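Novice:
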Amino acid sequence: MIKELNLQRFAAATTVDSTQGLASTGTILEYAEPGGTDFKKVADVKTIPALGGAPQQIDVTTLDDNRVKQIEGIAAATTAAFSVQYKGPSWNAVHDKSGDRKQYNWRVTYPDGMPVTFTGSFTIQFGEAAVNGTLTYTITIVISDGPDFADSPSTGTPSNS
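Counting from 5, one number per residue, gives the positions in the sequence shown under this note's numbering.
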């Protein structure tokens, strides 16, 4: 009897050294039920959008000023659109939750293990079909809390080159 060797189990235990930079290969998107912490991988994500947000600006200009003055306000909530490769079983796991307005917990984990967490509801839009093209869909998350970035577990001295 031949047993399959799951190399992913070994890869997960290895910390990727990101001190010289990092390729995006291996980045994953996961979700958990509202209030939950049991994260499940969301299919095969093709693109992860920019996460974070610029703060809103508060105008503090007075009539004595000859230029507009602004200070940093609170960060605006963002919407994040993830492109996902269509595969039946993974589609089945998420499509019925789309548009239910529940606040799911989300986590993006980069290859060196750095997680970004946020909360939000989501909708799905199926992509266009084309000759000799792959089928994809977009998960658009309206972020209601976060994103919260954690430190990278990668060790070493940062390069200044």
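Yeah, the Cβ is synthetic: ideal placement off N, Cα and C, and Gly gets one too.
For clarity, every value in this text was computed on a predicted model and none was experimentally measured.
#1: Could I get the ranges of all uninterrupted beta strand (DSSP E) runs contained in the stretch 42-129, with 3 residues as the minimum, in chain order?
#2: Using DSSP bridges, identify the partner residues of Asp149.
#3: Between Thr82, Tyr90, Asp116, which lies nearest to Glu132 when the distance is taken from Cα to Cα?
#4: Run the CB neighbour count on Arg105, radius 10 Å, all protein chains shown included, and call it buried at 16 or more, exposed below.
#5: Do Ala85 and Leu55 come within 8 Å of each other at the CB atom, strictly closer than that value?
#6: Could you give the distance in angstroms between the alpha-carbon of Val88 and the alpha-carbon of Lys73?
#7: For Ala47, is the classification buried or exposed, using 16 other Cβ atoms within 10 angstroms of its Cβ as the cut-off for buried?
#8: Using a threshold of 8 Å, state whether the C-beta atoms of Pro151 and Phe122 are closer than that.
#9: Output needed for Ser158: all residues of its chain with C-beta closer than 7 Å, excluding positions within five of it in sequence on either side, in chain order.
#10: One question on the structure: do Pro119 and Thr127 come within less than 8 Å of each other, judged by their Cβ atoms?
#11: Less than 8 Å between the C-beta atoms of Ala79 and Gly57, yes or no?
#12: Looking only at its chain, what residues have a beta carbon closer than 8 Å to the beta carbon of Asp155, apart from the 5 residues adjacent to it on each side?
#13: Measuring straight from C-alpha to C-alpha, what distance separates Ile4 and Phe130?
#14: Identify, in the order they occur along the chain, each residue of the same chain with its Cβ nearer than 6 Å to the Cβ of Thr29, setting aside the five sequence neighbours on each side.
#15: With DSSP as the reference, please indicate the residues paired to Ala36 in a beta bridge.
#16: Give a yes or no on whether the C-beta atoms belonging to Ala81 and Ser148 are separated by under 8 Å.
#17: Using only the alpha-carbon positions, how far apart do Thr171 and Asp69 sit?
Specialist: On the basis of the coordinates in this document:
#1: 48-51, 59-63, 74-79, 83-89, 108-113
#2: DSSP lists Thr123 as partners of Asp149.
#3: Tyr90
#4: exposed
#5: No, these two residues do not count as a Cβ contact at 8 Å.
#6: 42 Å
#7: buried
#8: yes
#9: Sequence-distant partners of Ser158 (beyond 5 residues in either direction) whose C-beta falls short of 7 Å from its own C-beta, in its chain, are Thr19, Val20, Asp21, Ser22, Thr23, Asp116.
#10: no
#11: Yes. Within cutoff.
#12: Met118
#13: In the structure displayed, the chain extends from 5 to 165; residue 4 sits before or after that span and is not available.
#14: none
#15: Asn109
#16: yes
#17: Past the edges of the chain, shown from 5 to 165, lies residue 171, and the structure says nothing about it.
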